Amino acid sequence: MTKRLRMHGSVTGGRLATNAGMTMVEVLIAGFIGTVVLLAAFTMYLTSMETWNLSGARLALQRNGDRAVKRIAFDIRHGDTVIVGADSTSIAVTRTISGATAVQATYALIGDQVVNQHGTVLTGDVTDLRFSSGNGAKVWISMTLADDMGTTAVSFDDQRVEINSVAVCRNEPIP
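Residues 0 to 174 in numbering that gives the first Met the number 0 are what the sequence shown lists, from first letter to last.
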């Protein structure tokens, strides 16, 4: 017994006509779906880049503020006493060596910068700096940094960081 193969389609001009192609509607639908997928991927990419930039700006503020607070705490640890300014935005660290007391370091908020006694800027973008001490030996440091708060052109990327620390005068030898 011989089996016959059944062919789908019709024979025209000696050729087999099949439905192997795509219609115009199918091409349009596939193109539309592809476009939607590409737009979604592009939107996700843009969002992730924006998030990356914002976190980078916040990290820069955090790093700069942390560096400044560590420098201030270093000088406090190597001093005997701290005198907090009347406005709480400045301090003077004193140290007694061989019976003579001298100012070892000063720090103050000038404009939006933390500046030491030599005029060296430790960090900028500071919106608030507070020093407090109950006994002149233990000092609380509170610093707030912000990059471009309130600017209407780029209000979506405003970053603000607050750093708090405590340092204690120990009269440690200066390395």
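Think of the CB as a built atom: it goes at the ideal place given N, C-alpha and C, for glycine as much as any other residue. In this text the structure is predicted, and so the values were computed from the model without any measurement.
Under 9 Å between the Cβ atoms of Thr222 and Ala136?
In the structure displayed, the chain extends from 0 to 174; residue 222 sits before or after that span and is not available.
Span of the alpha helix (DSSP H) holding Ser47?
Here residue 47 refers to the residue found at position 48 of the sequence shown. First-last of the alpha helix (DSSP H) with Ser47: Met23 to Arg76.
Do Thr122 and Arg66 have their C-beta atoms within less than 9 Å of each other?
Your numbering for residue 122 matches position 123 in the sequence shown. Your numbering for residue 66 matches position 67 in the sequence shown. Cβ atoms of Thr122 and Arg66: closer than 9 Å.
Look up Gln103 in the DSSP assignment and say whether it is helix, strand or coil.
On the sequence shown, residue 103 is found 104 positions in, with the first residue counted as 1. Looking at Gln103 - three-state DSSP - the assignment turns out to be strand.
Go through its chain and collect everything with a Cβ distance to Glu161's Cβ below 6 Å, but skip five positions before and after it.
The residue labelled residue 161 in the question sits at position 162 within the sequence shown. Contacts found: Thr143.
Would the beta-carbon of Ala107 fall within 9 Å of that of Ser89?
Start at 1 with the first residue of the sequence shown, and residue 107 comes out as number 108. Start at 1 with the first residue of the sequence shown, and residue 89 comes out as number 90. Cβ distance < 9 Å, so Ala107 and Ser89 count as in contact.
With H, G and I counted as helix, E and B as strand and the rest as coil, what does DSSP make of Gln112?
Within the sequence shown, the letter at position 113 stands for residue 112. If DSSP states are grouped into helix, strand and coil, Gln112 belongs with the strands.
Decide if Asn63 is buried, meaning its Cβ has at least 16 other Cβ atoms within 10 Å, or exposed.
Position 64 of the sequence shown, counted from the first residue, corresponds to residue 63. It is buried - the Cβ of Asn63 has at least 16 other Cβ atoms within 10 Å.
Can you tell which of Ala145, Ser87, Ser141 and Gly118 has its C-alpha closest to the C-alpha of Arg159?
For the purposes of this step, residue 159 is taken as residue 160 along the sequence shown, with counting starting at 1. Minimum Cα distance to Arg159 is reached at Ala145.
Could you say which of His117, Val120, Val113 and Val165 lies nearest to Leu128 if we only look at CA atoms?
The residue given as residue 128 occupies position 129 in the sequence shown. Leu128 has its Cα closest to that of Val113, out of His117, Val120, Val113 and Val165.
State the beta-bridge partners of Asn163 as determined by DSSP.
As a position in the sequence shown, residue 163 is number 164, starting the count at 1. In the DSSP output, where bridge partners are listed per residue, Asn163 has Ser141.
According to DSSP, Arg94 sits in a beta bridge with which residue or residues?
On the sequence shown, residue 94 is found 95 positions in, with the first residue counted as 1. Answer is Ala101, bridged to Arg94.
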